[in-house]
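Since the structure comes first, as structure tokens, the remarks are kept for the end.
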Amino acid sequence: MAKKSTTKPAGGAEVGGVDLAEVERLLAFMEKHGLEEFEYARGGVHIRLKKPSAAAAVGPRMATTWDTSPPAHAAISDAPRTPSHGNAAPSPAKAADVHVIKSPIVGTYYASPSPNADAFVAVGAKVESGQVLCIIEAMKLMNEIESDVAGEVVQIFVENGKPVEYGEPLFGIRVREKK
Amino acid sequence: MFRKILVANRGEIALRVLSACKELDIRTVAVYSEADRHALHVRFADEAICIGPPRSSDSYLNIPQVISAAEIANVDAIHPGYGFLSENANFAEVCEASHITFIGPTPALIRMMGEKDRARAEMAAAGLPIIPGSDGAVPDEAAAKRVASEIGLPLMIKAVEGGGGRGMRMVRTKRELIPAFQTARTEAQQAFGSPSVYMEKLIERPRHIEFQVLGDRHGSVISLGERECSLQRRHQKVLEESPSTALDPATRDRIGKQVVEALRKVGYSNAGTVEFLRDADGSLYFIEMNARIQVEHPVTEMVTQVDLVKAQIRIAAGERLEEAVGSFTSRGHAIECRINAEHPETFVPSPGRITAFRVPGGPGIRVDTALYADAVVPPYYDSLVAKLVAHGRDRAEAIARMHGALDGFVVEGIKTTIPLHKRILAEPDFIAGKFDTHFLDHLTAAKEK
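Chains as they are written, first to last, in the working numbering: chain L, 1 to 179; chain X, 180 to 628.
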């Protein structure tokens with residue numbers, strides 16, 4: 001299958017048109033300056049880097065009061081969730097070919113099949129239709145959530161161990177064009 | 180006392196439970212379907228979790244989703260409201276298994292009262308009068324004659340496997356009995372595949388009278404008086420009031436004591452309503468029990484000043500009735516009008532966006548509603564717009580206040596049954612307290628062509 005081509009240094013790994021080495025430099029930059037979150041757009045590329053929230057023991061990120069002030073416990077990167085929007089998180093990619101996988105159940109999101117295992121997928125992973133992307137635990141049952149499209153994971157909206165509600169965006173998948 | 184409660188319901192009853200929790204300083208969690216994203220119970224709860232698409236079966240009735248929401252929100256208890264999962268014994272059991280307190284009776288009692296035949300048998304054994312009947316299928320003509328002489332005329336012959344008004348025959352004279360018995364059996368065989376029929380005394384000009392009870396988990400039960408709910412259209416209650424104009428103090432007292440005694444015997448706890456049919460001769464017969472808080476509970480709250488929902492929560496937390504309820508007296512008269520999103524004459528449902536919404540107030544007026552200007556009444560759930568309750572020193576004052584309140588209740592954008600209630604309140608027979616369960620069907624039949 002042909003790789004998408006963009007301007008890139010030879011030999012560099014690439015995700016969505018962005019050179020990974022560059023991303024690593026950005027991460028180092030963030031670390032150096034103690035940044036939690038970093039976002040920029042350049043040309044046709046939009047990057048958003050977010051460090052795992054320090055406030056890991058927060059309760060469920062649920063819609064609360066009608067005034068739009070964020071719940072006190074929310075990590076800085078969580079957009080305030082107001083009932084009219086239904087859920088927080090970075091807004092799902094609006095690109096026409098990015099398919100958003102939403103949670104079909106209420107439960108707790110796990111990125112890996114077991115605590116010490118690798119995550120099912122990471123940003124950049126190529127996935128097939130039917131492939132397991134994550135587990136959502138509900139009432140002590142581990143439910144495997146499958147992708148309903150083939151393509152590439154371009155965004156993961158949830159954090160490991162966090163509660164999710166019905167309809168909550170989980171993954172953004174750039175759908176592979178059929179040949 | 181509970182730290183956090185999840186309300187497994189929507190609409191006005193969800194708001195009702197939320198306000199009781201707030202008064203008790205309990206944090207609240209709302210669950211909602213996608214159709215209720217902008218609903219008030221979602222706004223007013225401390226936390227809210229979307230549990231499914233609009234259809235009830237996929238959301239509010241979806242036990243795994245509700246329990247999962249309760250788990251991730253780490254609640255201590257669930258209040259089921261009315262309808263939905265409130266009388267689902269399986270749900271109550273799942274709550275218990277998940278170490279979440281179900282605010283209501285035990286699963287065993289929910290199950291008992293849910294199986295109507297069994298409820299009647301248990302309550303009869305516990306001392307409540309039930310409608311005289313054949314106690315099972317009537318095998319032959321000789322048995323039919325015997326049962327008829329025991330229970331008296333008029334009587335109904337009904338198919339054991341039946342329903343929907345088919346396989347039923349009324350018998351007013353002895354002469355009609357055997358032909359009716361034979362025809363009923365033939366009809367039952369054709370309609371339901373079994374000729375089995377049973378017999379039951381026909382209650383003439385029945386009035387629906389129900390008793391509100393509360394039981395704690397330590398064996399005490401009390402009655403908080405009755406509500407008259409005879410004004411029904413196609414078996415749906417439209418208007419309720421307390422006290423009933425058909426009960427004298429002695430009967431009220433006697434039945435109240437019998438109800439309390441029967442429920443103590445079966446170990447009933449939390450809120451419940453014991454329903455009776457009153458015959459034209461004044462006899463009361465137990466028909467069924469609703470093991471939950473009911474839509475019309477505000478009528479009793481206005482008369483007794485007892486907060487029934489707070490009492491439910493306190494009882495579920497283990498408090499005794501003395502603390503959870505305390506002492507109370509019944510004062511005055513209360514009437515509740517159920518205002519639905521329906522055409523007031525054709526009763527065609529009228530979902531849609533509300534463009535104006537002005538709620539009446541003043542002395543003795545209470546409105547329980549989850550709607551507001553610009554809200555959308557979704558088509559997926561019941562059509563209740565608001566419960567308008569008026570209390571007065573006596574029935575005349577309650578009626579007068581209700582008139583004023585109905586005039587001052589403005590709802591535009593959808594049709595409501597407010598005009599129907601105005602009509603009911605102006606009916607001489609209603610004002611005189613002379614009606615039965617057929618009253619409203621007759622009143623509305625003429626218009627409903």
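Using N, Cα and C, we set each Cβ at its ideal position, and we do this for glycine too.
Residue state for X/Ser212 is assigned as strand, using DSSP reduced to three classes. The beta carbons of L/Val164 and L/Val123 sit no closer together than 8 Å. For X/Arg517, no alpha helix (DSSP H) segment is defined; the enclosing uninterrupted segment is the beta strand (DSSP E) at 512–519. Of all residues in the stretch 218–244 of chain X, those with a C-beta nearer than 7 Å to a C-beta of chain L are Val221, Arg222, Asp225, Glu226, Ala227, Ile228, Cys229, Ile230, Gly231, Pro243, Gln244, reading in chain order. Per DSSP, L/Asn143 lies in no alpha helix (DSSP H) segment; the continuous beta strand (DSSP E) that holds it begins and ends at 141–146. For X/Asp255, the CB contacts under 8 Å within the same chain, skipping 5 residues up- and downstream, are Phe181, Arg182, Lys183, Ile184, Ile279, Thr280 in chain order. The beta carbon of L/Tyr109 does not come within 8 Å of any beta carbon belonging to chain X, so the residue lies off that interface.
Counting only runs of 3 or more residues that sit fully inside the stretch 90–129 of chain L, the beta strand (DSSP E) segments are 98–102, 107–110, in chain order. Listed by position along chain X, the residues whose Cβ is nearer than 9 Å to that of L/Gly161 form an empty set, because the closest Cβ is around 11 Å away. In this structure, the straight-line span from the alpha carbon of L/Val149 to that of L/Val127 is close to 8 Å. Counting along the chain, no beta strand (DSSP E) covers X/Arg443; the unbroken alpha helix (DSSP H) around it starts and ends at 428–445. For the set X/Glu366, X/Thr352, X/Ile434, the Cα lying nearest the Cα of X/Met302 is the one of X/Ile434. Relative to the Cα of X/Pro233, the nearest Cα in the group X/Tyr559, X/Asp486, X/Ala316 belongs to X/Tyr559.
For X/Met292, the enclosing alpha helix (DSSP H) stretches over residues 286–293. Within the stretch 330–390 of chain X, complete alpha helix (DSSP H) segments of at least 4 residues are found at 353–371, given in chain order. Annotation: L/Ala150 is outside any alpha helix (DSSP H) and is labelled neither H nor E by DSSP.
In summary, the residues of the stretch 122–156 of chain L whose CB is separated from some CB of chain X by less than 7 Å are Ala138, Met139, in the order they occur in the chain.
DSSP lists X/Gly394 as the beta-bridge partner residues of X/Asn449.
Here the alpha carbons of X/Pro528 and X/Ser399 stand approximately 43 Å from one another. In the three-state reduction of the DSSP assignment, X/Met481 falls in the helix class, which pools H, G and I. In the three-state DSSP reduction, X/Lys201 falls in the helix class (H, G or I). For X/Val478, the CB contacts under 6 Å within the same chain, skipping 5 residues up- and downstream, are Arg406, Glu419, Ser421, Ala513, Glu515 in chain order. At a cut-off of 8 Å between beta carbons, X/Ala248 contacts chain L. X/Asp620 sits in a helix when the DSSP states are folded into three classes.
Of all alpha-carbon atoms in X/Phe526, X/Gly592, X/Glu576, the one lying nearest the alpha-carbon of X/Leu550 is that of X/Gly592.
Here X/Glu606 carries a coil assignment [DSSP, helix/strand/coil]. Residue state for X/Phe455 is assigned as strand, using DSSP reduced to three classes. With fewer than 16 other Cβ atoms inside 10 Å of its own Cβ, L/Lys140 counts as exposed. Against chain L, the CB of X/Glu213 has a partner CB under 8 Å away; the residue lies at that interface. Against chain X, the CB of L/Ile101 has no partner CB under 8 Å away; the residue lies outside that interface. Of X/Pro318, X/Pro542, X/Ile533, X/Lys444, the smallest CA-CA separation from X/Ser373 is found for X/Pro318. When the beta-carbon positions are compared, X/Leu393 and X/Leu500 come within less than 8 Å of each other.
Between X/Ser375 and the set X/Arg384, X/Thr365, X/Arg431, the nearest pair of CA atoms involves X/Thr365. Residue range 268–276 is occupied by the alpha helix (DSSP H) that includes X/Asn269.
Here X/Glu440 is exposed. Its C-beta has fewer than 16 other C-beta atoms within 10 Å.
Taking C-alpha positions only, X/His397 is separated from X/Ser462 by approximately 32 Å.
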